[in-house]
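S.K.: So the protein sequences, as listed, match chains A and B. Note that the UniProt record's numbering has the first sequence beginning at 1, numbered continuously upward. Note that the UniProt record's numbering has the second sequence beginning at 1, numbered continuously upward. Ideal Cβ placement from N, Cα and C applies to all residues, glycine included. Note that this is a predicted model, so its numbers are computed, not measured.
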Amino acid sequence: MGFGQREKSGEQWQRACHECDLLLEDGLAPPGQKLVCPRCDAILHRNPRRSLHYTAALSLTGLVLFVPAASLPLLSFSIFAFGAENTLFNGVQTLFSEGYYWMSTLVLFCSVVAPLGKFILLCFVCWGCTWALLDRPVAAAVRWYHHLKEWGMLDVYMLGILVALVKMSDLGKMEMGAGLYCFAAMMVVANLTTLSFDPESVWARMAARRRRAEAVA
Amino acid sequence: MSRPKKALAQGRSSCLCCHQLVSLPAGGGPTRCPRCGARVHGRIDGSLMLTWALTITGTLLLLPANILPIMTVIYLGAGEPSTIISGVMQLYHAGLWGIALIVFVASIAVPVMKLVGLTLLLVRVQFGPPRFPLQAMKLYRVVSGIGRWSLLDLFMISILVALVDMGAIASVTAGPGSTAFATVVVVTMLAARSFDPRLIWDACDDAREELRESGATGENNNPKDGGAAGNV
């Protein structure tokens with residue numbers, strides 16, 4: 001939708017490929033398709049349908065799912081009468097109390113802070129880009145999201161849970177907790193959110209609003 | 001004229017955060033993107049030097065990460081510290097070869113492949129132009145995409161440490177190797193971030209320019225680089 005509008009307004013579309021610096025003109029990604037650099041095959045722009053609506057809904061879902069995923073036990077393990085449970089936080093806590101500060105910080109950052117931050121930022125971006133007042137904070141939020149993007153590692157954590165599950169299953173009884181289902185759902189939602197978010201549509205919406213304001217004035 | 005047009009040649013650059021085309025100030029210094037406010041350089045500042053430094057750091061840290069034990073599993077009073085590779089071997093001998101393969105790929109193959117890939121890219125850019133830039137780009141994309149999966153082992157340790165904590169019957173504790181391994185992963189991820197793929201194409205363009213100036217007629221046998229630039 002963004003590019004179509006711009007094309008109609010007669011503004012010349014021009015950009016440089018971010019991976020090989022080739023200057024490109026007159027590109028247009030139809031909704032649901034993507035724009036690829038002719039020289040280096042970099043994906044310049046994906047244009048998912050109704051990006052902002054989907055992202056807003058998905059990131060809100062992710063935020064809601066985060067609460068049970070973080071508070072309910074993911075796995076429980078028992079040998080004879082002794083048992084222990086694992087939540088997102090208590091592994092980090094144990095590592096921290098054993099003196100592995102750097103490692104526990106990293107695990108906390110990648111499995112809790114970054115995914116939560118991504119949900120919050122996207123929620124803010126999608127709901128906030130309708131108000132002119134929030135233009136600068138929204139731009140900053142998109143920038144933060146860009147930096148945080150690859151540090152959210154819910155899918156890797158999920159695989160870690162799976163490996164732990166298989167590895168310890170011959171030592172004692174391993175059970176999946178309710179939190180694990182919420183966690184898996186949150187992981188799927190997080191990946192879908194990443195796929196559906198298209199910053200270009202945020203910028204297009206801001207530009208369109210600015211043009212309207214100028215036309216009125 | 002079949003030379004591909006570059007943004008930098010026109011004193012402009014793409015903002016790496018929002019992909020807006022930004023005009024650089026005279027002299028090519030850094031500026032702020034008017035749309036998203038990120039810093040924009042013509043090319044990432046000190047990209048090669050930073051990537052070299054981080055790659056070498058990662059390679060050095062790979063030694064303690066693989067030699068020192070990453071965790072200790074004690075079951076019914078018995079158990080010794082295990083390193084990354086002995087953990088994989090234990091899984092393999094227990095008959096769990098699928099899981100052994102996953103752990104091997106994530107915590108041994110990926111970091112090593114990443115460091116080798118980054119070194120190849122750096123050598124290609126600095127000493128002689130890459131002959132197959134598209135291949136180099138593929139390598140770059142693989143290197144920057146796979147890095148996060150090596151954190152698998154650390155997540156597994158953090159889960160087991162909380163889960164298996166029953167004193168003398170069974171307990172899991174982390175080892176000093178895990179700290180080194182965590183640092184390897186972070187350092188290689190940062191190295192992939194700081195490498196600027198546009199340098200590959202700069203090196204290619206420079207080589208082609210030299211070829212043309214040295215008298216050889218600048219034949220352009222790569223149709224992809226032709227005048228069709230811009231048609232997607």
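Quick check: the region 165–182 of chain A against the region 57–70 of chain A, are there 3 or more CB pairs under 8 Å?
M.R.: Touching, yes, given that three or more Cβ pairs across the two stretches are closer than 8 Å.
S.K.: Taking only the alpha-carbon atoms, compute the straight-line gap between residue 113 (chain A) and residue 100 (chain B) and give it to the nearest angstrom.
M.R.: Within the first sequence, the letter at position 113 stands for residue 113 (chain A). Within the second sequence, the letter at position 100 stands for residue 100 (chain B). The straight-line gap from Cα to Cα measures roughly 29 Å.
S.K.: Could you run through the region 153–169 of chain B and flag, in chain order, every residue whose CB is less than 9 Å away from some CB of chain A?
M.R.: Correct list: 153, 154, 155, 156, 157, 158, 159, 160, 161, 162, 163, 164, 165, 166, 167, 169.
S.K.: Beta-carbon separation of residue 168 (chain A) and residue 77 (chain A) under 8 Å?
M.R.: Residue mapping note: residue 168 (chain A) aligns to position 168 of the first sequence, counting from 1. Residue mapping note: residue 77 (chain A) aligns to position 77 of the first sequence, counting from 1. Against a cut-off of 8 Å, the Cβ pair of residue 77 (chain A) and residue 168 (chain A) comes out as a contact.
S.K.: Go to residue 141 (chain A), then tell me how far its alpha helix (DSSP H) extends in each direction, as first and last residue.
M.R.: One-based indexing of the first sequence puts residue 141 (chain A) at position 141. Here the alpha helix (DSSP H) through residue 141 (chain A) covers 135–148.
S.K.: For residue 124 (chain B), count the other beta carbons within 10 Å of its own beta carbon; 16 or more makes it buried, fewer makes it exposed. Which is it?
M.R.: Position 124 of the second sequence, counted from the first residue, corresponds to residue 124 (chain B). Its Cβ being crowded by 16 or more others within 10 Å, residue 124 (chain B) is buried.
S.K.: Just checking: is the beta-carbon of residue 180 (chain A) within a distance shorter than 8 Å of some beta-carbon in chain B?
M.R.: Looking up residue 180 (chain A) in the first sequence gives position 180. So no, residue 180 (chain A) is outside the interface.
S.K.: Along the chain, where does the alpha helix (DSSP H) containing residue 128 (chain A) start, and where does it finish?
M.R.: One-based indexing of the first sequence puts residue 128 (chain A) at position 128. It spans 114–128 - the alpha helix (DSSP H) in which residue 128 (chain A) sits, taken as one unbroken run.
S.K.: Rounded to whole angstroms, what's the CA-CA distance from residue 98 (chain B) to residue 163 (chain A)? Just pull it up for me.
M.R.: Reading the second sequence from its first residue, position 98 is the one you call residue 98 (chain B). Reading the first sequence from its first residue, position 163 is the one you call residue 163 (chain A). Approximately 10 Å, taken between the alpha carbons.
S.K.: For residue 17 (chain B), which option in B:34, B:69, B:7, B:184 has the closest C-alpha, if you only look at C-alpha atoms?
M.R.: Here residue 17 (chain B) corresponds to residue number 17 of the second sequence, with the count starting at 1. When only C-alpha atoms are compared, the closest one is B:34.
S.K.: Short check: CB of residue 186 (chain A) to CB of residue 91 (chain A), under 8 Å?
M.R.: Taking the first sequence and counting its residues from 1, the one referred to as residue 186 (chain A) is at position 186. Taking the first sequence and counting its residues from 1, the one referred to as residue 91 (chain A) is at position 91. Not in contact: residue 186 (chain A) and residue 91 (chain A) (Cβ atoms no closer than 8 Å).
S.K.: Give a yes or no on whether 8 Å exceeds the smallest Cβ distance from residue 131 (chain A) to chain B.
M.R.: Within the first sequence, residue 131 (chain A) is the residue found at index 131, counting from 1. Chain B, which has no Cβ nearer than 8 Å to the Cβ of residue 131 (chain A), makes this no.
S.K.: Go to residue 75 (chain B), then tell me how far its beta strand (DSSP E) extends in each direction, as first and last residue.
M.R.: Within the second sequence, residue 75 (chain B) is the residue found at index 75, counting from 1. Run containing residue 75 (chain B): 71–75, per the beta strand (DSSP E) assignment.
S.K.: May I ask whether a heavy atom of the ligand MN can be found less than 7 Å away from the beta carbon of residue 101 (chain B)?
M.R.: The ligand MN is not part of the structure shown, which contains no ligands of any sort.
S.K.: In chain order, what residues of the same chain lie with their CB nearer than 7 Å to the CB of residue 116 (chain A), ignoring the 5 residues before and after it?
M.R.: To locate residue 116 (chain A), count along the first sequence from 1; it is residue 116. Excluding positions up to five away in sequence, the list reads 66.
S.K.: By alpha-carbon positions, which one of A:189, A:205, A:60 ends up nearest to residue 155 (chain A)?
M.R.: Here residue 155 (chain A) refers to the residue found at position 155 when the first sequence is read from its first residue. Among A:189, A:205, A:60, the Cα nearest to that of residue 155 (chain A) belongs to A:189.
S.K.: According to DSSP, what are the bridge partners of residue 82 (chain A)?
M.R.: The residue you call residue 82 (chain A) lines up with position 82 of the first sequence. Bridge partners of residue 82 (chain A): A:79.
S.K.: Count the other C-beta atoms from every protein chain shown that fall within 10 angstroms of the C-beta of residue 210 (chain B), then say buried if there are 16 or more, exposed otherwise.
M.R.: As a first step, residue 210 (chain B) is located in the second sequence; it is residue number 210 there, counting from the start. Exposed: under 16 other Cβ atoms inside 10 Å.
S.K.: Quick one: list the residues of chain A neighbouring residue 6 (chain B), beta-carbon separation under 9 Å, in chain order.
M.R.: On the second sequence, residue 6 (chain B) is found 6 positions in, with the first residue counted as 1. Result: 16, 20, 21, 22, 23.
S.K.: In angstroms, rounded to a whole number, what distance separates the CA positions of residue 37 (chain B) and residue 119 (chain A)?
M.R.: Here residue 37 (chain B) refers to the residue found at position 37 of the second sequence. Here residue 119 (chain A) refers to the residue found at position 119 of the first sequence. Computed Cα separation, rounded: 21 Å.
S.K.: If you pair each beta-carbon of the region 75–85 of chain B with each one of the region 134–143 of chain B, do three or more pairs fall below 8 Å?
M.R.: Too few Cβ pairs lie closer than 8 Å, so no.
S.K.: Is it right to say residue 148 (chain B) is buried, meaning 16 or more other beta carbons lie within 10 angstroms of its own, or is it exposed?
M.R.: What you label residue 148 (chain B) is simply residue 148 of the second sequence in a count that begins at 1. So residue 148 (chain B) ends up on the buried side.
S.K.: Of all the options B:207, B:40, B:31, which has the alpha carbon lying nearest to the alpha carbon of residue 127 (chain B)?
M.R.: Counting from one through the second sequence, the residue named residue 127 (chain B) turns up at place 127. For residue 127 (chain B), the nearest C-alpha among the options comes from B:207.
S.K.: Using the Cα positions of residue 39 (chain A) and residue 42 (chain B), report the straight-line distance between them to the nearest angstrom.
M.R.: Here residue 39 (chain A) refers to the residue found at position 39 of the first sequence. Here residue 42 (chain B) refers to the residue found at position 42 of the second sequence. So the alpha carbons of these two residues sit roughly 19 Å apart.
S.K.: Among residues of its own chain, excluding the 5 on either side of residue 74 (chain B), which ones have a beta-carbon nearer than 6 Å to its beta-carbon?
M.R.: Along the second sequence, read from residue 1 onward, the residue named residue 74 (chain B) stands at position 74. These residues qualify, in order along the chain: 171.
S.K.: Tell me whether residue 111 (chain A) is buried or exposed, calling it buried when 16 or more other Cβ atoms sit within 10 Å of its Cβ.
M.R.: Translated into positions along the first sequence, residue 111 (chain A) becomes position 111. The residue in question, residue 111 (chain A), is buried, as its Cβ has 16 or more Cβ neighbours within 10 Å.
S.K.: Considering only residues of the region 56–101 of chain B, which uninterrupted beta strand (DSSP E) runs meet the minimum length of 3 residues and lie entirely inside it, listed in chain order?
M.R.: Complete beta strand (DSSP E) runs here, min 3: 71–75.
S.K.: Taking the beta strand (DSSP E) that residue 16 (chain A) belongs to, which residues open and close that run?
M.R.: For this step, residue 16 (chain A) is matched to residue 16 along the first sequence. 14–16 is the span of the beta strand (DSSP E), which, as asked, contains residue 16 (chain A).
S.K.: Checking the sheet assignment: what are the DSSP bridge partners for residue 182 (chain B)?
M.R.: Taking the second sequence and counting its residues from 1, one reaches residue 182 (chain B) at position 182. DSSP, once it has assigned bridges, lists no residue as partnering residue 182 (chain B).
S.K.: For residue 96 (chain B), which residues of its own chain have a beta-carbon under 7 Å away from its beta-carbon, when the five flanking residues on both sides are left out?
M.R.: By one-based count along the second sequence, residue 96 (chain B) stands at place 96. The answer is none, since no qualifying residue turns up.
S.K.: Tell me the rounded alpha-carbon separation between residue 109 (chain B) and residue 88 (chain A).
M.R.: The residue labelled residue 109 (chain B) in the question sits at position 109 within the second sequence. The residue labelled residue 88 (chain A) in the question sits at position 88 within the first sequence. Cα to Cα, the separation comes out at about 27 Å.
S.K.: So, with DSSP's three-state summary, where would you put residue 45 (chain A)?
M.R.: As a first step, residue 45 (chain A) is located in the first sequence; it is residue number 45 there, counting from the start. Correct three-state label for residue 45 (chain A): strand.
S.K.: Using a Cβ-Cβ cutoff of 7 Å, what residues of the region 111–131 of chain A are near chain B? List them in chain order.
M.R.: Result list: 111.
S.K.: When we look at the beta-carbon of residue 67 (chain B) and count the other beta-carbons within 10 Å, is it buried (16 or more) or exposed?
M.R.: The residue given as residue 67 (chain B) occupies position 67 in the second sequence. Burial call: exposed.
S.K.: Is the beta carbon of residue 44 (chain A) closer than 8 Å to that of residue 17 (chain A)?
M.R.: On the first sequence, position 17 is the one that residue 17 (chain A) refers to. On the first sequence, position 44 is the one that residue 44 (chain A) refers to. Yes, the Cβ-Cβ distance between residue 17 (chain A) and residue 44 (chain A) is below 8 Å.
S.K.: When you compare the CB of residue 187 (chain A) with every CB in chain B, is at least one pair closer than 8 Å?
M.R.: Taking the first sequence and counting its residues from 1, one reaches residue 187 (chain A) at position 187. So no, residue 187 (chain A) is outside the interface.
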